[in-house]
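Chain order of the listed sequences is D and Y. Numbered per my numbering, the first sequence spans residues 851 to 897. Numbered per my numbering, the second sequence spans residues 68 to 292. Glycine residues also receive a C-beta, built at the ideal position from the N, C-alpha and C atoms.
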Amino acid sequence: MKDVLVVIQPHRDSLSHGTSYALSLAQRYGAQLSVLQAECGSLPVMA
Amino acid sequence: MQLDEVSVTEQLTASERLAQGPDIVLSAAKNVGVPCELISNSEDLSQFREKVITCAQVRDVLVIDVSGSLRSPRLELVESALFASGRPVILVPQPISTFSDERVLIAWDATRSAVRAVHDALPVIVRAREVTVVSIIDDKTFFRPESGEMLCHYLARWGTAAQAATVTREERNVGAALLAFAYHANADLLVMGGFAHAFERELMLGSATRDIFQAKLEIPVLLSH
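Okay, here's the thing in structure tokens:
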């Protein structure tokens, strides 16, 4: 595994659980983390 | 620095928590030595889905966090990525925030999508401490009833001592039966195929895929199509 893609929500002030998971997955496999930020409205905001 | 037991979130400094959007991800990645690429995005919703697909096509896996059953527009985003990118998608429910490949459960129904899921997840499967291949035996007829054991035999060639198991869904839907089995097996990751077919320009999800999309997940699920 070389490259893990994660979609993040805009305007967060902390890592989402999914982003944290993707980061630990990338670390486990020595992979790169690619981050794609969603525009407002393209993903419902989650706590 | 290792993340085996501690979530990335817990490693953030106060100043990092104040950062916004991608900056906090870049900072967290830097802290744990993970190369991080920020992909610029200025598309609207419909174009954003295309952006996700094209980005996922040239990555190993797409991670999307979920909370409860999938609803629009996250549902359409997951569907687009899963059925159009050709790459696996991991749905990560709250409060899971740390990846673990200790115990991997493979939902096996001997379909093409299940085969795809196994091969997409091989990097994880071969590093897992426990791998279980579970088949639901009262939903569809298997051409080869010993199919689960055959998959275990194949995985043994990769150095993985997988165990085959069967479960009956009884009155439950397929997804609920799989998730219940995964819960009792204390699985860290459920690997399964995702299926849909086009019907008058709309996606008709396979029953197990629909069940998973509608479920309140408790463990991450890797789906491949």
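Return the residues of the region 208 to 238 of chain Y that lie within a Cβ-Cβ distance of less than 9 Å from chain D, sorted by chain order.
Taking 9 Å as the Cβ-Cβ cut-off against chain D, none of the residues of the region 208 to 238 of chain Y qualify.
Roughly how far, in whole angstroms, is the beta-carbon of tyrosine 250 of chain Y from the beta-carbon of glutamate 285 of chain Y, given that I think they are within contact range, below 8 Å?
Under the criterion of beta carbons closer than 8 Å, tyrosine 250 of chain Y and glutamate 285 of chain Y qualify as touching, at roughly 6 Å.
Contact set between serine 164 of chain Y and chain D, taken where Cβ atoms lie within less than 7 Å
What serine 164 of chain Y touches in chain D: His867, Ser870, Tyr871.
Alpha carbon to alpha carbon, how far is alanine 95 of chain Y from glycine 242 of chain Y? Give it in angstroms, no decimals.
As the crow flies, the alpha-carbon of glycine 242 of chain Y is around 34 Å from that of alanine 95 of chain Y.
Near arginine 239 of chain Y, which residues of its chain fall below 8 Å by C-beta distance, leaving aside the five closest residues on each side in sequence?
Here the set comprises Ala247.
Roughly how many whole angstroms lie between the Cα atoms of arginine 116 of chain Y and valine 185 of chain Y?
Straight-line measurement puts the Cα of valine 185 of chain Y at about 25 Å from the Cα of arginine 116 of chain Y.
Once the 5 residues before and after valine 857 of chain D are set aside, which same chain residues still bring their CB inside 6 Å of it?
Hits under 6 Å: Leu886, Ala888.
Which of helix, strand or coil does DSSP assign to methionine 851 of chain D?
Three-state DSSP puts methionine 851 of chain D in coil, outside helix and strand.
Leucine 272 of chain Y by DSSP, collapsed to three states: which one?
DSSP places leucine 272 of chain Y in strand when its eight states are reduced to three.
Buried or exposed: which applies to aspartate 205 of chain Y, given that a residue is buried once 16 or more other Cβ atoms fall within 10 Å of its Cβ?
Counting other Cβ atoms within 10 Å of its Cβ, aspartate 205 of chain Y stays below 16 and is therefore classed as exposed.
Can you check whether the CB of serine 884 of chain D is closer than 8 Å to the CB of aspartate 853 of chain D?
A contact, by the Cβ cut-off of 8 Å.
Glycine 260 of chain Y versus threonine 199 of chain Y: straight-line alpha-carbon distance, rounded
Looking at the two C-alpha atoms, the distance is approximately 15 Å.
Just mark arginine 126 of chain Y as buried or exposed, buried being the case when its beta carbon has 16 or more other beta carbons within 10 Å.
Under this definition arginine 126 of chain Y is a buried residue.
Using a threshold of 8 Å, state whether the C-beta atoms of leucine 245 of chain Y and leucine 257 of chain Y are closer than that.
Yes, they are a contact pair.
Which chain D residues are close to aspartate 127 of chain Y, counting only those with a beta carbon under 9 Å from its beta carbon?
Met851, Lys852, Asp853, Val854, Leu855, Tyr879, Ala881, listed in chain order.
Looking at the structure shown, is arginine 141 of chain Y part of a helix, part of a strand, or coil, going by DSSP?
DSSP places arginine 141 of chain Y in helix when its eight states are reduced to three.
Rounded straight-line distance, which links the Cα of methionine 217 of chain Y to that of threonine 233 of chain Y
So the two alpha carbons sit approximately 14 Å from each other.
Proximal residues to threonine 869 of chain D (C-beta, below 6 Å), its chain only, five neighbours per side dropped
Counting only Cβ-Cβ distances below 6 Å, and skipping sequence neighbours, we find Val856, Ile858.
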